[in-house]
Amino acid sequence: MKKLQNDFFEQVYAVVRLIPEGRVTSYGAIARYLGTAKSSRMVGYAMNASHHALPVVPAHRVVNRNGLLTGKNHFITITAMQEALESEQIKIVNDEVIAFKTLFWDPNIELEL
DNA sequence: GTAATGACCTTGG
DNA sequence: ACCAAGGCCATTA
Numbered sequence: 008m009k010k011l012q013n014d015f016f017e018q019v020y021a022v023v024r025l026i027p028e029g030r031v032t033s034y035g036a037i038a039r040y041l042g043t044a045k046s047s048r049m050v051g052y053a054m055n056a057s058h059h060a061l062p063v064v065p066a067h068r069v070v071n072r073n074g075l076l077t078g079k080n081h082f083i084t085i086t087a088m089q090e091a092l093e094s095e096q097i098k099i100v101n102d103e104v105i106a107f108k109t110l111f112w113d114p115n116i117e118l119e120l
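Heads up, the first sequence is in the working numbering, so the first residue is 8 and it goes up one at a time.
Okay, structure coming up:
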């Protein structure tokens with residue numbers, strides 16, 4: 008343990024923490040930005056470990072490609088994610104981000120290497 | 001040690 | 001356009 012995945016996790020956390028307030032992104036976008044486009048699943052796993060990660064990672068701003076709050080179940084409470092997003096003026100209906108396409112924040116585009 | 005699962009995405013039919 | 005399968009890699013059983 009304590010290997011490269013730690014760095015990978017840190018990179019994921021770093022990108023997630025860079026997400027502007029009121030914006031959302033997808034696992035694939037982050038994965039692609041890190042160069043691990045095919046390991047998008049690991050990004051989600053990283054999020055799972057983000058709970059004990061410091062500083063606090065705004066995992067609620069990370070949703071799947073569908074804009075669906077797939078990881079709400081993994082939060083402290085299933086409503087925590089939605090409330091957190093709503094707290095940032097992001098409307099959530101049926102566990103889905105409204106205007107997700109508009110609020111979508113792609114590190115590959117916004118950060119643009 | 002092997003097998004199955006998972007906060008997903010891309011490609012093929 | 002919709003449905004099915006594959007891939008990727010770490011964690012858990």
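C-beta: ideal position from N, C-alpha, C; glycine also.
Among the options, nearest to residue i - alpha-carbon criterion
i, options, result
"F107", "S94, N73 and T86", "N73"
"Y40", "A21, E93 and T77", "A21"
"T77", "A38, Y34 and V63", "Y34"
"F82", "V100, N71 and A56", "A56"
"Q18", "V100, G29 and M54", "M54"
"H67", "I26, N115 and F16", "I26"
"A29", "Q89, H58 and A44", "Correcting the residue type first, residue 29 is Gly in the shown sequence and not Ala. With distances taken between Cα atoms, G29 lies closest to Q89."
"T43", "H59, T109 and D14", "D14"
Cβ neighbour criterion (16 or more within 10 Å) applied to residue i
i, result
"Q96", "exposed"
"L61", "exposed"
"A36", "buried"
"K79", "buried"
"I130", "The chain is shown only over 8 to 120; residue 130 falls outside these bounds and no answer can be derived."
"A38", "buried"
"F16", "buried"
"I99", "buried"
Proximity of residue i and residue j at Cβ, strictly below 8 Å
i, j, result
"R24", "V70", "no"
"W112", "V50", "no"
"E93", "L75", "no"
*What are the uninterrupted segments assigned as alpha helix (DSSP H) that are 4 or more residues long and contained completely in the segment 25-82, given in chain order?*
Taking only runs of at least 4 residues, the alpha helix (DSSP H) segments lying wholly in the segment 25-82 are 34-41 and 47-55.
*With a floor of 4 residues, list each alpha helix (DSSP H) that falls wholly inside the segment 79-105, ordered by position along the chain.*
Considered as a whole, the segment 79-105 harbours 87-93 as its complete alpha helix (DSSP H) runs of no fewer than 4 residues, in chain order.
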